[in-house]
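Using the working numbering, you'd call the opening residue of the sequence shown number 1 and step up by one each time.
All C-beta atoms, glycine included, are put in the ideal place defined by N, C-alpha and C.
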Amino acid sequence: MLLDLSEVFSNSDKTLKEKVTYEEDTFFYEFTRYTWLTKPSASIEVKNAGKKKVSFYAHVSGLLEVPCDRCLIPTEVTFDFDVSEEIDLNQSSSDDKLQEISQFISEDKRFDTQGFLDLELFAHYPPKVLCKEDCKGLCKKCGKNLNDGACSCNREELDPRMAKALEVFNQFKEV
Ligand SMILES: [Zn+2]
Ligand SMILES: [Zn+2]
Numbered sequence: 001m002l003l004d005l006s007e008v009f010s011n012s013d014k015t016l017k018e019k020v021t022y023e024e025d026t027f028f029y030e031f032t033r034y035t036w037l038t039k040p041s042a043s044i045e046v047k048n049a050g051k052k053k054v055s056f057y058a059h060v061s062g063l064l065e066v067p068c069d070r071c072l073i074p075t076e077v078t079f080d081f082d083v084s085e086e087i088d089l090n091q092s093s094s095d096d097k098l099q100e101i102s103q104f105i106s107e108d109k110r111f112d113t114q115g116f117l118d119l120e121l122f123a124h125y126p127p128k129v130l131c132k133e134d135c136k137g138l139c140k141k142c143g144k145n146l147n148d149g150a151c152s153c154n155r156e157e158l159d160p161r162m163a164k165a166l167e168v169f170n171q172f173k174e175v
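Here it is as C-alpha cells:
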C-alpha cells in the first residue's frame with residue numbers, strides 16, 4: 001500500500017497513525033517461498049517534530065512457517081521488532097547516504113509500505129531456523145529423525161575393518 005505522507009510532512013504538528021498488513025500470503029527468501037501463519041502487520045506512526053524533522057516509528061510482527069534447518073519439521077519463526085528513524089526533510093533525496101526509510105518515500109511523499117516490510121523482514125530473518133536449540137537432525141543414511149530416538153544403522157553398517165580400527169582407537173583413548 002502507498003501511505004500518503006504529504007500532510008504530515010507539511011504540517012509541523014501533525015501525526016499519522018496507520019496499521020498496514022503485508023500483501024502476500026507467502027514470503028520469498030533465498031530461492032524458497034514460505035507461508036505466513038500470521039501475515040505481518042506494521043503499526044506505523046509518523047510524527048512531524050517541526051523544523052523539517054519527521055520521526056518515523058513502526059512495530060512489525062508476524063509468524064512464518066519454515067522447515068527446521070536440521071530435521072525439516074515445520075517450525076514457527078516469529079518476527080517482532082521495531083524500526084525507528086528520524087527523517088530530515090532538509091536533506092535532498094539524491095543524498096549519497098540514503099536513509100533506510102527514505103528510500104521507500106516517493107517524490108510525491110507516498111510511502112511504499114510493502115517495499116519497506118519486505119526489506120525489514122528480510123533483514124530480520126534469523127540466520128538459523130531450528131525446531132529446538134539441540135535438534136539432533138536426520139540420520140544421513142536412513143533419514144530417521146534422530147529427535148525420536150537413535151537409529152540402528154550407524155554401527156551396524158560400519159565397514160568391519162573400520163570398526164576394528166575404531167575399537168583400537170577407543171582403547172587407546174581410554175588409557
Ligand atoms: Zn529440528
Ligand atoms: Zn540411520
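When DSSP states are grouped into helix, strand and coil, N147 belongs to the helix group. Assignment of beta strand (DSSP E) within the region 37-76, counting only whole runs of 3 or more residues, yields 53-67 in chain order. Taking the C-beta atoms as reference points, T78 is found no nearer than 9 Å to L130. Beta-bridge pairing by DSSP links S84 to Y57.
Bounds of the beta strand (DSSP E) holding D4 are L2 to D4. Excluding the 5 residues flanking it on each side, Y57 has same chain C-beta neighbours closer than 6 Å at E45 and S84, in chain order. Under the three-state reduction of DSSP, E167 is assigned to helix. Assignment of F79 by DSSP, reduced to helix, strand and coil, places it in the strand class. Look at F31 here: in three-state DSSP terms it is coil, with no helix or strand label. Those residues placing their Cβ nearer than 6 Å to any heavy atom of ligand 2 are, following chain order, C139, K141, C142, K144, C151 and C153. Between ligand 1 and the CB of K132, the shortest heavy atom gap is smaller than 8 Å.
Inclusion of G137 in the 8 Å shell around ligand 1 follows from its C-beta lying nearer than that to a non-hydrogen atom of the ligand. Non-local C-beta neighbours of H59 in its own chain, meaning closer than 6 Å and more than five positions away in sequence, comprise S43 and D82, ordered along the chain.
Remark: C-beta atoms of K14 and D25 do not approach each other more closely than 9 Å.
With respect to L2, S102 sits apart: the two C-beta atoms are not nearer than 9 Å. Under the DSSP assignment, E18 falls in the beta strand (DSSP E) whose first and last residues are T15 to T21. In summary, T113 is buried, with 16 or more beta-carbon neighbours lying within 10 Å of its beta-carbon over all protein chains present.
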